[in-house]
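Beneath this line is the structure, given in structure tokens, with notes to follow.
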Amino acid sequence: MKHIAMISLILTSLVAIAAEQEPTATTVVREAKLGLTITGNQELPNILYIVPWQKGPANDISPIQGRIVDEVYGPVEVNVFQRKVKLHRAHKNKKETSEQ
106 MKHIAMISLI LTSLVAIAAE QEPTATTVVR EAKLGLTITG NQELPNILYI
156 VPWQKGPAND ISPIQGRIVD EVYGPVEVNV FQRKVKLHRA HKNKKETSEQ
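The opening residue of the sequence shown carries number 106 in the numbering used here; numbering runs sequentially from there.
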């Protein structure tokens, strides 16, 4: 029992001594100044115009242009295509024979 009392007395005295000691290291705290600086050309300010959505110009295709597009990308019948190929070959052969 004496040992427990002695140990508790030593522990409490150590805690009291530790509480009385002042910290040896000093900490220097400096104030930080926060701010915002914006620099730019004040002679020519940036301007942003926001306008509502406008409908663009209509794509007007003339009837002639529409027919040309339809002819180029339209469906082709087999017999018409074969006839055009024969005419093209005949024209090409005629051109080659006239050059010689």
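Backbone N, C-alpha and C define an ideal beta-carbon position, used for all residues, glycine too.
Computed from a predicted model, the values in this text were never measured in an experiment.
Simplified DSSP state of residue i, which is helix, strand or coil
{"i": "Q187", "result": "helix"}
{"i": "A110", "result": "helix"}
{"i": "V177", "result": "helix"}
{"i": "P157", "result": "coil"}
{"i": "R135", "result": "coil"}
{"i": "I122", "result": "helix"}
{"i": "S167", "result": "coil"}
Same chain, Cβ closer than 6 Å to residue i, five either side skipped, listed in chain order
{"i": "F186", "result": "none"}
Any chain C beta carbon closer than 8 Å to residue i
{"i": "N184", "result": "You won't find chain C in this structure, because it holds only one protein chain."}
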